[in-house]
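Be aware that the sequence shown starts at 97, since it is given in our numbering, and climbs by one per residue.
Glycine included, each C-beta is placed from N, C-alpha and C at the ideal position.
If you're wondering where the values come from, they're calculated on a predicted model, not measured in any experiment.
First up is the structure itself, then whatever we jot down about it.
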Amino acid sequence: MISNIKPYCCCRQCLNTNKNYYIEVRNQCTHYLNFLLCYKINGKRVMKASPAFAPGKVQHIVFPGDATELCLTIFDSSFNPPSLICSKLPSAHIINRYKVVNTSYNNFECINI
Numbered sequence: 097m098i099s100n101i102k103p104y105c106c107c108r109q110c111l112n113t114n115k116n117y118y119i120e121v122r123n124q125c126t127h128y129l130n131f132l133l134c135y136k137i138n139g140k141r142v143m144k145a146s147p148a149f150a151p152g153k154v155q156h157i158v159f160p161g162d163a164t165e166l167c168l169t170i171f172d173s174s175f176n177p178p179s180l181i182c183s184k185l186p187s188a189h190i191i192n193r194y195k196v197v198n199t200s201y202n203n204f205e206c207i208n209i
């Protein structure tokens, strides 16, 4: 007999009907990046910011499955103040992946992958 099983543990995953999704940004350029994710949930606006991250690195921000009106804004953090690279409207019910690449010295492209 197994005596230390807690009954709520076996069904914890069954009770979690709110799947979490995420935004992933891959930095494939020569500058530091950061990004903001804004969304609406239960009538309230939420804003989450990534830390600045180096070339060759990846950052994620998780958002709940019932989030709506997503808006992603990616910035070049190598300058003060940061400069806008791109703004996207990601889909709410999928995992969204983007990569940022240099097209020339200070020009960037955000690619949905």
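Inter-residue Cα distance where the pair is residue i and residue j
i, j, result
"Val197", "Gly152", "10 Å"
"Tyr128", "Pro147", "10 Å"
"Met143", "Arg122", "20 Å"
"Tyr194", "Arg141", "23 Å"
"Gln124", "Phe149", "11 Å"
"Thr169", "Cys182", "6 Å"
"Pro178", "Phe131", "10 Å"
"Cys105", "Asp172", "Unreliable positioning characterises Cys105 in this predicted model, as indicated by a pLDDT of 42, which lies under 50. A coordinate reading is not provided."
"Phe159", "Thr126", "28 Å"
Rounded Cβ spacing between residue i and residue j (contact assumed at less than 8 Å)
i, j, result
"Leu185", "Leu166", "7 Å"
"Val154", "Glu120", "6 Å"
"Asn116", "Gly161", "6 Å"
Cross-strand partners of residue i (DSSP beta bridge)
i, result
"Asp172", "Leu129, Ser179"
"His189", "Looking at the DSSP assignment, His189 forms no beta bridge with any residue, so it has no partner."
Selection from the options that minimises the alpha carbon distance to residue i
i, options, result
"Ile191", "Lys136, Ile157, Asn202", "Ile157"
"Ser187", "Tyr135, Pro178, Phe175", "Tyr135"
"Asn138", "Phe175, Thr164, Asn203", "Thr164"
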